[in-house]
Structure formats: C-alpha cells, structure tokens
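In the working numbering, the protein residues as written are 27 to 186. We put the beta carbon where it would ideally sit given N, CA and C, even for glycine. These numbers were taken from a predicted model, which means no experiment stands behind them. This report concerns only the one structure given below.
Encoded structure:
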C-alpha cells in the first residue's frame, strides 16, 4: 500500500497536509513497469492519473507511421496522464518507460471526487497543477522557438 509519506515525494501533492494525504493514499496503487513497456497509448480512455516514483517515462507522439518523436520526459516526483482529470477524455500521447519504473496510479474519477469533496485539498492540488503545467508549457515553447531559430526552413513551411 502507498503511504502518505510516499505521496509527499510527488510534486503535485507536496503541499497537502498529512490528513489530506491520508485520504488520498487508499486510492493510489503502486505498479512496476519494465523498460520500453507502454503505459498508455493515444486514444486510450484517460481513466488513470500517474505519478512517477522511480525511473523515467517518455511522452511520445507519432507524426507518421515510421516517425515517433519524444515530447518530453517525466522524472521522479512528477505526474502525467493529466487527461484523466477532465473526463471523459482520452490520452493524447503515448507514455512509455525509458527504463524500469515504479509508478503510482489513481483512478481519475476517484481523484476528482476526493478533490471535489474537500475543496481546500482540491484548490491546493489544482493550484500546484497549474504551476507545473505552466512550467511544462514554457519549456516546450522555448524548445519550439529554439528549433525554429536553428531551422528557419521549418518556420517558412509553417508561414512564420
């Protein structure tokens, strides 16, 4: 079983009180995944929210049948599968383990019910989620601009 102390190591939950973590812990399962094991695929129902305890997870997208690109990597302490927090939804990327990984899983609907039932907890989690996702978007925007500046032909193709 996952403990409140375990969950304190996840960035999204680090600001929660011990009592809040005690309410969350029974909903969370721990699972181990092998290197190159697929966690979820594009189009799968987004029914679980994930947090990485140990290992490395890649978020990937398929541009063409033979072209898969990495959109980013998840390091320990961070979460993915955000689509599970806006049901009904499906995952928009592939999530695959880059190395053996230990991952916490929580049913998205159950997490949302908990956050809805405890508005203070819900506010703290969603406030932290906004900061994490803002940082992730900023990083991706900077990467995109760097690629465009190094490859102006891409910008020209896009009409930039």
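Exercise for the section: Can you grab the Cα-Cα spacing for the pair residue 52 / residue 180, in whole Å? Expected result: 48 Å
Exercise for the section: Keeping to the same chain, check which residues put their C-beta closer than 6 Å to that of residue 65; ignore five residues upstream and five downstream. Expected result: 121
Exercise for the section: Measure the alpha-carbon distance for residue 27 versus residue 172 and round it to whole angstroms. Expected result: If you take the alpha carbons of residue 27 and residue 172, they lie about 43 Å apart.
Practice task
May I ask you to report which of helix, strand or coil DSSP gives residue 79?
Solution key: strand
Problem - Span separating the alpha-carbon of residue 132 from that of residue 74 - result: 6 Å
Handout entry: Proximity to residue 68 [Cα-Cα], best of 177, 142, 154, 94
Key = 94 is the residue among 177, 142, 154, 94 whose C-alpha sits nearest the C-alpha of residue 68.
Handout entry: Residue range of the unbroken beta strand (DSSP E) whose run includes residue 55
Key = 55 to 59
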